[in-house]
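Heads up, the sequence shown is in full-length UniProt numbering, so the first residue is 1 and it goes up one at a time. Even for Gly, the Cβ is constructed at its ideal location relative to N, Cα and C. Nothing here was measured: the structure is a model prediction, and the numbers come from that model. Structure first, then comments.
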Amino acid sequence: MDIDLEKFFDTVPQDRLMSLVHNIIQDGDTESLIRRYLHSGVVINGQRHKTLVGTPQGGNLSPLLSNITLNELDKELENRGLRFVRYADDCVITVGSEASAKRIMY
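Here is the structure:
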């Protein structure tokens, strides 16, 4: 069963992400660099726009930050006894039947 968290990188709440980062890193300088990375903005039609939500898709830190953000999802899937592989916003859950897949989805 394939799962793609649609628009994940565009919708990550940065404050929540930074709270999770703080719980892991607890180093003000590193946290400041990550926050600046997140707020670096995007250029659209030659104009710079601030980014207050999301992480830069394709950025060097984005896969790491997605893993930090989705760690709670991983724990929930493990607690349910599911076998899965996840990288960033893509997840594959292995199931034995279509009925099992439907139980997971609902």
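Reference residue i, options the options, closest by Cα
i, options, result
"Ser100", "Leu5, Lys7, Gly81", "Gly81"
"Tyr37", "His49, Gln47, Gly59, Val43", "Gly59"
"Gln14", "Ile3, Val43, Asp2, Ile68", "Ile68"
"Leu17", "Ser32, Met1, Ser66", "Ser66"
Start-to-end residues for the beta strand (DSSP E) that takes in residue i
i, result
"Asp4", "2–4"
"Asn94", "One point to set straight first is that residue 94 is Thr, not Asn, in the sequence displayed. Note, Thr94: beta strand (DSSP E), 90–94."
Assigned secondary structure, residue i (DSSP; H/G/I helix, E/B strand, else coil)
i, result
"His39", "coil"
"Val21", "helix"
"Arg16", "helix"
Burial state of residue i, where buried means 16 or more other Cβ atoms lie within 10 Å
i, result
"Val12", "buried"
"Thr55", "buried"
"Ile34", "buried"
"Leu52", "exposed"
First through last residue of the alpha helix (DSSP H) which encompasses residue i
i, result
"Arg103", "98–105"
"Asp10", "8–11"
"Pro63", "62–79"
Distance cut-off 6 angstroms: residue i Cβ against heavy atoms of the ligand MG
i, result
"Tyr106", "Ligands are entirely absent from the displayed structure, and the ligand MG is therefore not among its contents."
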